[in-house]
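Its first residue numbered 0, the sequence shown is counted upward by one per residue in numbering that gives the first Met the number 0.
A virtual CB, placed ideally from N, CA and C, is assigned to each residue, including glycine.
All remarks here apply to the structure that follows.
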Amino acid sequence: MGFNGDIVVLRADTPLADLAPYVGGEGHPVYAEWAYRDGWRAVHVRHFEDPYAFQGPWLTDLAARTGSPVLVCGVFESDVAHVQGLSGTDFWEGWLDPGTAASRLARNRWHRGGDRGDLARFRGEAAAWLEEDRPRVAEAAVRWAAAAGYEVRPEPILELLSLRRDPFVEQLFFTLLNHLGLAEVPGE
0 MGFNGDIVVL
10 RADTPLADLA
20 PYVGGEGHPV
30 YAEWAYRDGW
40 RAVHVRHFED
50 PYAFQGPWLT
60 DLAARTGSPV
70 LVCGVFESDV
80 AHVQGLSGTD
90 FWEGWLDPGT
100 AASRLARNRW
110 HRGGDRGDLA
120 RFRGEAAAWL
130 EEDRPRVAEA
140 AVRWAAAAGY
150 EVRPEPILEL
160 LSLRRDPFVE
170 QLFFTLLNHL
180 GLAEVPGE
């Protein structure tokens with residue numbers, strides 16, 4: 000069994016559980032927290048109830064409460080990672096490890112269709128869409144970093160969006176945080 004849950008990235012002096020509904024307790028316990036420079040932190044929240052609670056309005060509310068950009072990376076079994084970012088009104092999303100993400104998206108489409116259709120074709124279409132979307136996601140990530148106060152280049156992010164996990168997809172996300180200008184604080 001791999002890493003599961005959301006990694007919520009925020010800048011705030013207040014603990015995430017005090018800022019956000021659903022965090023803490025049995026339904027959405029906090030498993031780990033990593034400190035980054037300038038008051039940024041990444042918080043691993045596991046979901047035993049409502050795994051989709053940390054999307055849309057929740058993300059918007061958290062950004063309003065912190066007054067800064069936020070990121071949420073949903074990870075399933077250290078295999079698939081869906082990243083959502085919000086800064087002001089600029090919402091973006093992308094996937095890490097495009098090969099595995101394409102397979103996951105294809106299976107989701109296949110299941111929604113009653114387990115019918117051409118799974119290989121669905122995977123090919125998802126892979127093509129992810130490849131086409133990479134530059135947009137990289138540029139959106141650069142805008143997110145700028146809103147967070149960091150000047151970064153899109154090229155390392157663009158390259159990261161093409162990489163396969165080795166072996167855990169959450170490591171790609173932590174590398175993305177470095178590319179966004181968030182450097183982990185040693186010893187915390």
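DSSP state of residue i mapped onto helix, strand, coil
i: S86; result: strand
i: G55; result: coil
i: F2; result: coil
i: L18; result: helix
i: A105; result: helix
Cα-Cα separation, residue i to residue j
i: D165; j: I156; result: 17 Å
i: A19; j: V151; result: 29 Å
i: V7; j: D117; result: 35 Å
i: L175; j: H46; result: 23 Å
i: D89; j: L58; result: 12 Å
i: W128; j: G55; result: 22 Å
i: L171; j: L95; result: 7 Å
i: S218; j: W91; result: Lying outside 0 to 187, the shown extent of the chain, residue 218 is not represented and no answer is given.
i: A140; j: G123; result: 25 Å
Residues that residue i bridges to, as DSSP identifies them
i: L9; result: R40
i: V29; result: V44
i: E92; result: Q83
i: F173; result: According to DSSP, F173 bridges with nothing at all.
i: L70; result: V8 and G84
i: A62; result: Answer by DSSP bridge pairing: none, since A62 is not bridged.
i: G23; result: H27
i: A34; result: R40
Presumed contact (8 Å Cβ cut-off) between residue i and residue j, rounded CB distance
i: N3; j: V74; result: 6 Å
i: L160; j: A137; result: 6 Å
i: G38; j: F167; result: Going by Cβ atoms, the distance from G38 to F167 rounds to 26 Å, so no, they are not a contact pair.
i: A182; j: R36; result: 5 Å
- Could you pull out every unbroken alpha helix (DSSP H) segment of at least 4 residues lying fully inside the segment 115-171, listed in chain order? 118-146 and 153-159
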